[in-house]
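In what follows, a structure is listed as structure tokens, so that the remarks can point back to it.
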Amino acid sequence: MAENNIDATSEAPSDFIRDIVRGDLDAGRHTDIVTRFPPEPNGYLHMGHAKSICLNFGLAGEFGGRCHLRFDDTNPAREEQEYIDAIMEDVRWLGFDWGTHLYYASDNFEQLYAWAEHLIEAGKAYVDDLSAEDMREYRGTLLTSGRDSPYRTRTADENLDLFRRMRAGEFGDGTRTLRAKIDMASGNINLRDPVLYRILHADHPRTHDAWCIYPNYDFAHGQSDAIEGITHSVCTLEFEDHRPLYDWLIENLPVPAIPHQYEFARLNMTHTVLSKRRLMELVDGGHVTGWDDPRMPTISGMRRRGIPAAAIRDFAARIGVSKSNAVQEVAALDACVRDYLNQRAVRRMAVLKPLKVVIENYPEGDGEMLDAINNPNDESAGSRQVPFARELYIEADDFMEEPPKKFFRLGPGREVRLRYAYFITCTDVIKDQAGNVTELRCTYDPETKGGNAPDGRKVKATLHWVSAAHAADAEVRLYDHLFAAEEPGVEGDYLSDLNPDSLEVLTGCKLEPSLADLAPGETVQFERLGYFCRDADAGVFNRTLSLRDTWAKAKSKG
RNA sequence: UGGGGUGUAGCCAAGUGGCCUAAGGCACCGGCUUUUGAUGCCGGCAUUCGGAGGUUCGAAUCCUCCCACCCCAGCCA
4 MAENNIDATS EAPSDFIRDI VRGDLDAGRH TDIVTRFPPE PNGYLHMGHA
54 KSICLNFGLA GEFGGRCHLR FDDTNPAREE QEYIDAIMED VRWLGFDWGT
104 HLYYASDNFE QLYAWAEHLI EAGKAYVDDL SAEDMREYRG TLLTSGRDSP
154 YRTRTADENL DLFRRMRAGE FGDGTRTLRA KIDMASGNIN LRDPVLYRIL
204 HADHPRTHDA WCIYPNYDFA HGQSDAIEGI THSVCTLEFE DHRPLYDWLI
254 ENLPVPAIPH QYEFARLNMT HTVLSKRRLM ELVDGGHVTG WDDPRMPTIS
304 GMRRRGIPAA AIRDFAARIG VSKSNAVQEV AALDACVRDY LNQRAVRRMA
354 VLKPLKVVIE NYPEGDGEML DAINNPNDES AGSRQVPFAR ELYIEADDFM
404 EEPPKKFFRL GPGREVRLRY AYFITCTDVI KDQAGNVTEL RCTYDPETKG
454 GNAPDGRKVK ATLHWVSAAH AADAEVRLYD HLFAAEEPGV EGDYLSDLNP
504 DSLEVLTGCK LEPSLADLAP GETVQFERLG YFCRDADAGV FNRTLSLRDT
554 WAKAKSKG
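Below you can see the structure in the form of structure tokens.
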């Protein structure tokens, strides 16, 4: 999969954000657009972030602008270097490049501080001594307006003095804040004198102990946008009512540029959760093996699971961007993964639940090498040699002693094709004491080498197989939805919706020899089964996704 | 009468007064092809756009009222 960067969807997406950008460009409001992806380094990136990354970098790419990667690192209490590193790796893996435009909100701390003093001098910000509890009380409620803090009328000089002493470390955490002086009666709670700075004696991953006061999101984000020259600051819907504050700060500060904020609906998907808080709980609670557990909707989890970056990009393009709260079915993502892998993944044979087969009329000894096509959808993928011999393994599910009418695989007396090999007929069924089928005795027709009968004889099924003597052993991990419920947590605790069968570990699986040298991280198709990815853990394969299986569906319907 | 949003098929989503008796994708249902019961191909799938009124020759698109759902009361982002 070297050409992971080629997207399946070629048409340029159209949505309200792109309409706005196009309009701004056409009207000459901007000659170049600049966007940004602004993660807080307090966790790993997930599918929801992927949607945002594709939007922001996509916009820059489509309209000839650029997209910055900016860490919104204004809360040292929960940010870590580990997350910064992981985030950069994930964005790059997704296929995007921020070039030299890597920024940190913390790089702006000095400028932000100066702007805070500017607001104080203009009488538009004040130092408040209210405790968090009192401030909540003064803020009012959704239905009632708030009241002015008793400290709201301090003079600019007094505020300046206090604010400088806050920076100097004279006060303890939580004892004072810097607040914008806007309107305690506003219907928009974000405008009821929002906190701009808080005291936090904490070690910051980048500035360490240089500061003990930190700007919060509202004071850092828009101003960082202005400093970087961001033209379109795209965020999610929950920030919609922060926009008046965003604009108020931009208007009241001598910023070098005027950015604008636009909001779109965040991604929701069935059978999973997309919130850093919950994903963190799954990791900390040991419900998964880590942020990169293949069942996680994190970018690292999906990567380990074998999902190609191009499929994720295609998914982002297909679902579009809107303002309506929507829940995407995972099936839509699955379709993107299958589309991509069907075209690109090389085919191999592997038997997950082996059933031994002995071809009684086949000569004993080394056997022979047979030619097998690597990808019927891509001639350039070529072919390979697969060893065939007297003793083989076939999939246990491909045999039934008493096959029902619609089952057309192997059964006593039946003839089927072994892919790229021969037609075989089952002549005898060997069982153990308990009556379990342990081995099949078959005969083959030497005339059918390669898989076709010269007499035109047809067969109803083609089975995958592996030569017993040449097979490599492997552990294969089968994954299912992490959550059994479509929307975890709609009723009760979301953890109670965890799917107890989300992981099935199969050992003693038999692989064709070429699979032994597959590179970790590469996804291939196991014929008739699905797509599988070699894990970094040698000898382990993760199932990316099964193939569509109309037989299984028909069977379950009865 | 707190503020801000959203409502188009099972799930997404185009559409911005007349080529809309409403794109496209996913899902689903048929048929054909097939050395993967995969893939591919063909066909089906909203006389209707949250509801009710109104404006207009003409409305999913404009107006009014109503209904439903989502977000906001962190010194988180």
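To convert, count from 1 in the first sequence and add 3; that's the working numbering.
Positions of the beta carbon are idealized from the N, C-alpha and C atoms, including for glycine.
* Asked: Under the three-state reduction of DSSP, which class applies to C57: helix, strand or coil?
  -> Residue state, collapsed to three classes: helix.
* Beta-carbon gap between P297 and R308 smaller than 8 angstroms -> Between P297 and R308, the C-beta spacing is below 8 angstroms.
* To do: Grab me the residues of R420's own chain with a C-beta within less than 6 angstroms of its C-beta, minus the 5 sequence neighbours each way, in chain order.
  => Closer than 6 angstroms at the Cβ level, and outside the excluded window around R420, lie F426, G454, V462, T465.
* To do: Starting from the C-beta of V237, find all residues in its chain whose C-beta is less than 7 angstroms away, skip the five residues before and the five after it, and write them out in chain order.
  => Sequence-distant partners of V237 (beyond 5 residues in either direction) whose C-beta falls short of 7 angstroms from its own C-beta, in its chain, are I20, T38, L58, N59, Y265, F267.
* Kindly provide the ranges of any beta strand (DSSP E) runs that are 3 or more residues long and lie completely inside the segment 141–200, ordered along the chain. => With a minimum length of 3 residues, the continuous beta strand (DSSP E) runs that stay inside the segment 141–200 are 180–183.
* Inter-residue Cα distance where the pair is V543 and K513 -> Going by the C-alpha atoms only, they are around 12 angstroms apart.
* Asked: From W468 to L509, what distance separates their C-alpha atoms?
  -> So the two alpha carbons sit approximately 17 angstroms from each other.
* Asked: Considering only residues of the segment 209–282, which uninterrupted beta strand (DSSP E) runs meet the minimum length of 3 residues and lie entirely inside it, listed in chain order?
  -> Fully enclosed beta strand (DSSP E) runs of 3 or longer: 216–218, 235–239, 263–267.
* Which word fits V330, buried or exposed, when buried means at least 16 other C-beta atoms lie within 10 angstroms of its C-beta? -> Taking all protein chains shown into account, V330 has fewer than 16 neighbouring C-beta atoms within 10 Å of its C-beta and is therefore exposed.
* Asked: Taking the C-alpha atoms as reference points, what is the distance between R537 and V286?
  -> Cα to Cα, R537 sits roughly 23 angstroms from V286.
* Expressed to the nearest angstrom, what Euclidean distance is found between the alpha-carbon atoms of L194 and V24? -> Straight-line Cα distance between these residues: approximately 28 angstroms.
* Asked: Is the distance from the Cβ of P516 to the Cβ of A475 below 8 angstroms?
  -> Yes, Cβ-Cβ distance for P516 and A475 is below 8 angstroms.
* Range covered by the alpha helix (DSSP H) that runs through L115 -> Unbroken alpha helix (DSSP H) run through L115: 112–124.
* Quick one, are the C-beta atoms of E404 and G416 less than 8 angstroms apart? -> Contact: no.
* Comparing alpha-carbon positions, which option in Y482, D483, L501 lies nearest P491? -> Among Y482, D483, L501, the Cα nearest to that of P491 belongs to L501.
* Asked: Do you know how far the Cα of A334 is from the Cα of G304?
  -> Cα to Cα, the separation comes out at about 18 angstroms.
* Can you name the start and end residues of the alpha helix (DSSP H) that A334 belongs to? -> Looking at the DSSP string, the run of the alpha helix (DSSP H) that includes A334 is 333–347.
* Decide yes or no for the touch test of the segment 444–454 against the segment 427–436: beta carbon pairs closer than 8 angstroms, at least 3 of them. => Segment contact: the segment 444–454 against the segment 427–436, three or more CB-CB distances shorter than 8 angstroms; contact assigned.
* Cβ of L344 within 8 angstroms of Cβ of Q528? -> Going by C-beta atoms, L344 is nearer than 8 angstroms to Q528.
* For S470, three-class secondary structure by DSSP -> Taken through DSSP and simplified to helix, strand or coil, S470 comes out as strand.
* To do: Under 8 angstroms by Cβ, that's how I've got M299 and L282 pegged, so tell me the actual separation to the nearest angstrom.
  => Between M299 and L282 a beta carbon distance of about 7 angstroms is seen, short of the 8 angstroms cut, so the two are scored as contacting.
* Report the rounded CA-to-CA distance for L373 versus D448, giving the unit in angstroms. => When rounded, the distance between both Cα atoms is 15 angstroms.
* Asked: Less than 8 angstroms separating the beta-carbons of T273 and E332?
  -> Cβ distance < 8 angstroms, so T273 and E332 count as in contact.
* Can F391 and S470 be called in contact, C-beta distance under 8 angstroms? -> Yes. Within cutoff.
* Considering Q528, what are the terminal residues of the beta strand (DSSP E) in which it resides? -> Per DSSP, Q528 belongs to the beta strand (DSSP E) from 526–529.
* Measuring CB to CB, does D93 end up less than 8 angstroms from I397? -> 8 angstroms or more divides the Cβ of D93 from the Cβ of I397.
* Asked: So what does DSSP say about E6, is it helix, strand or coil?
  -> Bear in mind that a pLDDT of 36 at E6, under 50, signals an unreliable position, so the number given afterwards is only what the model happens to contain. The answer is coil: DSSP assigns E6 none of H, G, I, E or B.
* Asked: Quick one: what's Q388 bridged to in DSSP?
  -> Beta-bridge pairing links Q388 to D374.
* Asked: Roughly how many angstroms separate the alpha carbons of I9 and G98, rounded to a whole number?
  -> Residue placement at I9 cannot be trusted, given a pLDDT of 36 that sits under 50; what the coordinates show is reported in the next sentence. In this structure, the CA atom of I9 is about 10 angstroms from the CA atom of G98.
* What are the residues that DSSP puts in a beta bridge with E418? -> DSSP output for E418 lists T428 as bridge partner(s).
* To do: Would you list the one or two residues that DSSP bridges to G533?
  => Within the DSSP secondary-structure output, G533 pairs in a beta bridge with F529, S549.
* Where do the ends of the beta strand (DSSP E) carrying L443 lie? -> That run of the beta strand (DSSP E) goes 440–448.
* Asked: Three or more beta-carbon pairs under 8 angstroms between the segment 254–263 and the segment 311–329, yes or no?
  -> Touching, no.
* **Bounding residues of the beta strand (DSSP E) (the contiguous stretch that carries L518)** => Judged by DSSP secondary structure, L518 falls outside any beta strand (DSSP E); it is assigned neither H nor E.
* Going by DSSP, name the residue or residues bridged to H207. => Answer by DSSP bridge pairing, in chain order: H211.
* **Beta bridge counterpart(s) of E478 as assigned by DSSP** => Residue pairing by DSSP places E478 opposite V543 in a beta bridge.
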